[in-house]
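The end of the sequence shown is residue 92 by the working numbering, with every number in the run present.
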Amino acid sequence: MSIADVRRNGGSVFVLQNALELVGNTPMVDVSNLSPNPNVRIVAKLESQNPFGSVKDRIAKAMIEDAERTGRLVPGQRIVEPSSGNTGIALA
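So, in structure tokens, the structure goes:
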């Protein structure tokens, strides 16, 4: 069950098994009041609230899961990412 599912079902409190379950569930806030048009809905995605603080959380998780699933990454093996950017931070 995703965070969105919990919220749709009327819940507001949830406990996850680990931080990886937060990836892909970036919080959003309705900021429609910023528009003079009452028929417009504006939603801001709070990327800074991603569990690892990066917009690259999803891609990092997907790359690692794919490498594990295909056998290119096995337990105990190291990941080397030649990056000083967000992808490197998310992979760390």
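We treat Cβ as the ideally placed atom computed from N, Cα and C, and that holds for glycine. Fair warning: this is a prediction, and the values are worked out from it, not measured in the lab.
Once you ignore the five residues that flank residue 35 on each side, which residues in its own chain have a CB closer than 7 Å to its CB?
The residue labelled residue 35 in the question sits at position 35 within the sequence shown. Result list for residue 35: 42, in chain order.
Spatial neighbours of residue 56 within its chain, please: C-beta separation below 7 Å, excluding the five flanking residues on both sides.
Position 56 of the sequence shown holds residue 56. Taken in chain order, the residues that qualify are 86, 87 and 90.
What whole-angstrom Cβ distance do residue 28 and residue 46 have, given they're in contact under 8 Å?
In the sequence shown, counting from the first residue as 1, residue 28 sits at position 28. In the sequence shown, counting from the first residue as 1, residue 46 sits at position 46. Yes, residue 28 and residue 46 are in contact; Cβ-Cβ is about 7 Å, under 8 Å.
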